[in-house]
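Visitor: Okay, handing you the structure first.
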Amino acid sequence: MNGVTVSAKVNGDAVQYVCPPDESLLDVLRNRLNLTGVKEGCGTGDCGACSITLDGRLVCSCLVLGAEAEGREIGTVEGLSEGGKLHTLQEQFIEKAALQCGICTPGFLVAAKVLLERNSNPSEEEIRYALAGNLCRCTGYDKIVRAVQSSAKIMRRGKKASR
Amino acid sequence: MPYETDYTNQGFSKVGTRVNRPDGVDKVTGRAKYGADANAAGQLVGRILRSPHAHALITKIDTSKAEKLPGVKAVLTGKDFPDLTGGDRGMMNILENCMARGRALYDGHAVAAVAAIDADTANEALKLIKVTYKQLPHVTDVDEAMKPSAPIIHDWVRTTGVTPAPTTASNVAQRTEFGHGDIDAGFAQADVIIEKSFKTEQTHQGYIEPHACLATLGPDGSGELWVTTQGHFTFRNVCASLLGLDVAKLRVTASEIGGGFGGKTHVWTEPVALQLSRRANRPVKLVMSRDEVFKATGPTSSTSVDVKIGAKRNGKITAASAELRYQSGAFPGMWAMLGAMTSFACYDLKNVKSVGFDVLVNRPKVAAYRAPSAPMAAFAVESVVDMVAAELGMDAVEFRIKNAAKKGTKASYGPVYGPIGIGPTLEAVKNHPHMKRKLGKNQGRGVACGFWFNFGGQTCTDLNIGVDGSVNLTVGTVDVGGSRASLALIAAEELGIDYEQVRVTIGDTNSLGHNDTTEGSRGTFSSGMAAIFAARDAVEVLKQRAAATWGIPVEQVVWEAGEARAKGKQNNNLPPLSLKEIAAKSPRTGGPIAGHNEVVADGAGVSFASHMCDVEVDPETGATKILRYTVVQDAGKAIHPDYVEGQFQGGAAQGIGWALNEEYVYGDDGRLQNAGFLDYRIPVCSDLPFIDTQILEIPNPNHPYGVRGVGETSIVPPLAAIGNAVSNAVGVRMDHVPMSPPRILKAIEAAQG
Ligand code: FES
Ligand code: FES
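In structure tokens:
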């Protein structure tokens, strides 16, 4: 099979890889770029464990081809912390015990980040609908929603302070 | 509070606080390594070919084309797994489930396996394997399978537990009976008797991480297995025995586990991956697809249950009986037995009898699912309890309180209870603000109780103190929901040091003695117990070192608040020695300081919960919305309240999914029609409200801190609580789970006649 050569940016860094034309971006990220924080729960777009951003948009990486990433910006859970500091969402997920097994956590963090970038003050219902594409079997979502609520609050405060 | 014991007054400084979990940073940054996240140099990709038929003879498997495909390094079928079980039927069942032996027993049963240099080649190879099947009649429904005319799944199965012992084969593998008293006499005294039949459909544990492993096995019989599992020691023993290896030569490491709920207590593909690796003499990585997870692992039983309860006008139950029919898939299980044992465990009954039938069908082998078998029994029993209360014109909660089991009650499954929490949880329900919420149109409220045993089991733990005074606790129970945090709290409590000073590691099978699987809510209970004893063991060493340093007898040394103190007037001049100071001197006072414990952690306390739930049912569509949900459960002692609440909420959410949506749908052809998260719909964030929790602490007298298992009971009441709520909302008794919109509409229509 002929490979496709792709140049893209992952978490801000330029990368290049060769992949078969029918290989999913999920497989590229996990198997070729060693970004195993991106999880596979279904491979069919139904669980959200593989959530990433593509040019800032939330997508299931299992539904995108590796070849389609040419020239685009990919964001994964590995790119969430800046320098030595965890993202507020990461901190709040730990603080609020929003994970049990943690397999869904990377996907939720990426989805929640996209939500808070668009809507800095979401209602409970907006949070629940924004995260409805991500399955969690352990928590009943209670503490996840609370972690997102408290993150939003902290981030709003941070913005005000830096203004 | 009549249930109180001394333990309530035990003072804790670390235990009970809400600290951050030690694996948190790894898990929010994507660094934590799960089953599919490990790789080895030169690894191959393993794949499994599965039967498309519910029941078929495998007359021929031609693997020659697949073997010739470039890049294919190993191809296996049933004949590549010689029978090393020595006549152990249980082991043979495990082996036959991993790889069919001449007959496919369900849609998804493994019939061949390949290892190849990459996924494309492995998939191509599967297509080149030609299997010739001769289809056989099949049965997937539990009641159908019990009929004499049903196709027989295994000709060697004779029903056990009946006299005289049968001489012909049957799909009923086992009959079990529990109870005491005289139910006929009891029913004769009753003023009101309600009898009703119920059905529940099959559900899957639904962990988000599919089964995955990385297996390496050399021609010398030494190997390594990296695997997502609830019990790496059990996996080691089973794999070694099926493949003829020395237990000590197979090192199994438990990866981080992405959910298990009972489904990762059994081996499924691991012996196959090891055998592929032995054949190819290269590491083999085998990861299941979601479709395979649904078709070939997990599920819980589908059931059919009859319940009969009689009571006096004064609200006292005089007799209760149940017959429970549970399918166990294509291999015998003990699921109806557990259903029969748990069915009436919440109540104080003079006359009670429950009979269970474990039934074989052409479906995947049933595995434990969080308090296995109890939710279905509770659905039937708690529905009838509500019906009896209604018939008597009594409040359903008061009726339960009146009949609740208490200390000294002889449980329906045999033992006499110590201090238990069913009464207090019901009192808490009665007084909860939830119960005062006004209900609107098409809304209903339901309450239900649940019980689960909990399990202790074999446990082995090491505690090592570093020269800087930091502590490494190595346990052999897999962390399925935050137990590392709880165990670190326990070790810190015992040693009198900061939580942050303790790091908990899950040891591999070569670093500790045997540990039973993390099941039966035993992780924090049993490893917690072993951690307490290991810490006390280390404290003895610390005291000896201090005594030697001071030159006084060890009897004059006590351990308090993280330091050795010399007792007695004559020692007044000796300042205390902290753990840090003793540790720093350890290279010169006798070497490393460690504590150790191996224990069979008996006395896991039984656990009870009561749930309440408000629903609204749309009479046009039959769709149910959960408006409010509250869990009250006895935890004995909550070591880390956040993760106790998490267990309560997670179990309730799984129960809500089971009650309203989730079910395996089999076609007439015996094939599973919804093997994916799109058609097998588990609750999503927007389906649920916040799930309120209340932790009660009625200490377990058999644990030094009073701990009870907390992981499982929370899934027991939801089916019944929601069943009662929906029934109250629509005015029709619901008797079939899941209460999906079409089923609810049908029930409403039937009632309108
Ligand atoms: S793996 Fe992509 S949505 Fe499940
Ligand atoms: S924490 Fe386990 S699936 Fe979400």
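Top to bottom, those sequences are chains A and B.
Count along the first sequence starting at 1, add 1431, and that's the number in our numbering.
Count along the second sequence starting at 1, add 5, and that's the number in our numbering.
Even for Gly, the Cβ is constructed at its ideal location relative to N, Cα and C.
Since the model is a prediction, treat every value here as computed from it, not as a measurement.
Any C-beta of chain A within less than 9 Å: which residues of the segment 25–42 of chain B qualify?
Guide: 25, 26, 28, 29, 30, 31, 32, 33, 34, 35, 36, 37, 38, 39, 41, 42
Visitor: Could you tell me whether the Cβ of residue 1540 of chain A comes closer than 8 Å to any Cβ of chain B?
Guide: Residue-level contact by beta carbon holds for residue 1540 of chain A and chain B, with a gap shorter than 8 Å.
Visitor: Closer than 7 Å between beta carbons: that is the criterion. Which residues of the segment 484–518 of chain B meet it against chain A?
Guide: The segment 484–518 of chain B vs chain A, Cβ under 7 Å: 485, 486, 487.
Visitor: Are the CB atoms of residue 226 of chain B and residue 279 of chain B within a distance shorter than 8 Å?
Guide: no
Visitor: For residue 161 of chain B, count the other beta carbons within 10 Å of its own beta carbon; 16 or more makes it buried, fewer makes it exposed. Which is it?
Guide: exposed
Visitor: Cα separation between residue 1434 of chain A and residue 1448 of chain A?
Guide: 9 Å
Visitor: What residues sit near ligand 2, counting only those whose C-beta is closer than 6 Å to one of its heavy atoms, in chain order?
Guide: With the cut-off at 6 Å, the residues found are A:1530, A:1531, A:1532, A:1533, A:1534, A:1535, A:1567, A:1568, A:1569, A:1570, B:213, B:264.
Visitor: Take the Cβ of residue 729 of chain B as the centre, count every other Cβ of all protein chains shown within 10 Å, and call the residue buried at 16 or more, exposed below.
Guide: buried
Visitor: Keeping to the same chain, check which residues put their C-beta closer than 6 Å to that of residue 311 of chain B; ignore five residues upstream and five downstream.
Guide: 202, 328
Visitor: Closer than 7 Å between beta carbons: that is the criterion. Which residues of the segment 669–698 of chain B meet it against chain A?
Guide: 681, 682, 683, 687, 689, 690, 691, 693, 695, 696
Visitor: Using the DSSP secondary-structure output, state which residues sit across from residue 332 of chain B in a beta bridge.
Guide: According to DSSP, which records beta bridges pairwise, residue 332 of chain B is partnered with B:364.
Visitor: With respect to the alpha helix (DSSP H) encompassing residue 440 of chain B, which residues constitute its N-terminal and C-terminal limits?
Guide: Per DSSP, residue 440 of chain B lies in no alpha helix (DSSP H) and is assigned neither H nor E.
Visitor: Which residues in chain B have a C-beta closer than 7 Å to the C-beta of residue 1573 of chain A? List them in chain order.
Guide: 654, 695, 696
Visitor: For the segment 452–507 of chain B, list the alpha helix (DSSP H) runs that are entirely contained and at least 4 residues long, ordered along the chain.
Guide: 488–500
Visitor: Applying the criterion that 16 or more other CB atoms from any shown protein chain within 10 Å of the CB defines a buried residue, is residue 1531 of chain A buried or exposed?
Guide: So residue 1531 of chain A ends up on the buried side.
Visitor: Take the Cβ of residue 69 of chain B as the centre, count every other Cβ of all protein chains shown within 10 Å, and call the residue buried at 16 or more, exposed below.
Guide: exposed
Visitor: In angstroms with no decimal places, state the Cα-to-Cα distance between residue 200 of chain B and residue 382 of chain B.
Guide: 14 Å
Visitor: Distance cutoff 8 Å, beta carbons only. Does residue 263 of chain B sit that close to anything in chain A?
Guide: yes
Visitor: Compile a chain-ordered list of the residues in the segment 1466–1478 of chain A whose CB is closer than 9 Å to at least one CB of chain B.
Guide: 1466, 1467, 1468, 1469, 1470, 1471, 1472, 1473, 1474, 1475, 1476, 1477, 1478
Visitor: Note down the Cα distance separating residue 207 of chain B from residue 605 of chain B, rounded to an integer number of angstroms.
Guide: 34 Å
Visitor: Could you tell me whether the Cβ atoms of residue 449 of chain B and residue 733 of chain B are closer together than 8 Å?
Guide: yes
Visitor: When burial is assigned at 16 or more other CB atoms within 10 Å of the CB, is residue 362 of chain B buried or exposed?
Guide: buried
Visitor: Helix, strand or coil for residue 602 of chain B per DSSP?
Guide: strand
Visitor: Which same chain residues, not among the five before or five after residue 248 of chain B, have their C-beta less than 7 Å away from its C-beta?
Guide: Once the five neighbours on either side are set aside, the close Cβ partners of residue 248 of chain B are 276, 279, 280.
Visitor: Could you tell me which chain B residues have their CB closer than 7 Å to the CB of residue 1563 of chain A, listed as they occur along the chain?
Guide: 689, 690, 691
Visitor: Using the Cα positions of residue 1526 of chain A and residue 25 of chain B, report the straight-line distance between them to the nearest angstrom.
Guide: 6 Å
Visitor: Give the interface partners of residue 1491 of chain A over in chain B, defined as CB-CB distance under 8 Å, in chain order.
Guide: Chain B residues near residue 1491 of chain A: none, gap ~12 Å exceeds 8 Å.
Visitor: Any idea what DSSP makes of residue 1506 of chain A, helix, strand or coil?
Guide: strand
Visitor: Ordered along the chain, which non-local residues of its own chain (more than five positions away) have a Cβ less than 6 Å from that of residue 12 of chain B?
Guide: In this prediction, residue 12 of chain B has a pLDDT of 46, which is less than 50 and means its spatial position is unreliable; what the coordinates show is noted afterwards. Closer than 6 Å at Cβ, skipping near neighbours: 704, 711.
Visitor: Consult DSSP for residue 269 of chain B and reduce its assignment to one of helix, strand or coil.
Guide: coil
Visitor: Is the CB of residue 213 of chain B under 8 Å away from at least one CB in chain A?
Guide: yes
Visitor: Which runs of the beta strand (DSSP E) spanning at least 3 residues fall entirely within the segment 507–561 of chain B, listed in chain order?
Guide: At a cut-off of 3 residues, the continuous stretches assigned as beta strand (DSSP E) that sit fully inside the segment 507–561 of chain B are 507–511.
Visitor: Using a Cβ-Cβ cut-off of less than 7 Å, give me the residues of the segment 1441–1456 of chain A that come near chain B, in sequence order.
Guide: none
Visitor: Any heavy atom of ligand 1 within a distance shorter than 7 Å of the CB on residue 1480 of chain A?
Guide: At least one heavy atom of ligand 1 is found less than 7 Å from the C-beta of residue 1480 of chain A.
Visitor: Residue 65 of chain B: which of B:334, B:116, B:211 sits nearest, CA to CA?
Guide: B:116
Visitor: Extract the residue ranges of the beta strand (DSSP E) inside the segment 300–326 of chain B, only unbroken runs of 3 or more that lie entirely within it.
Guide: 308–316
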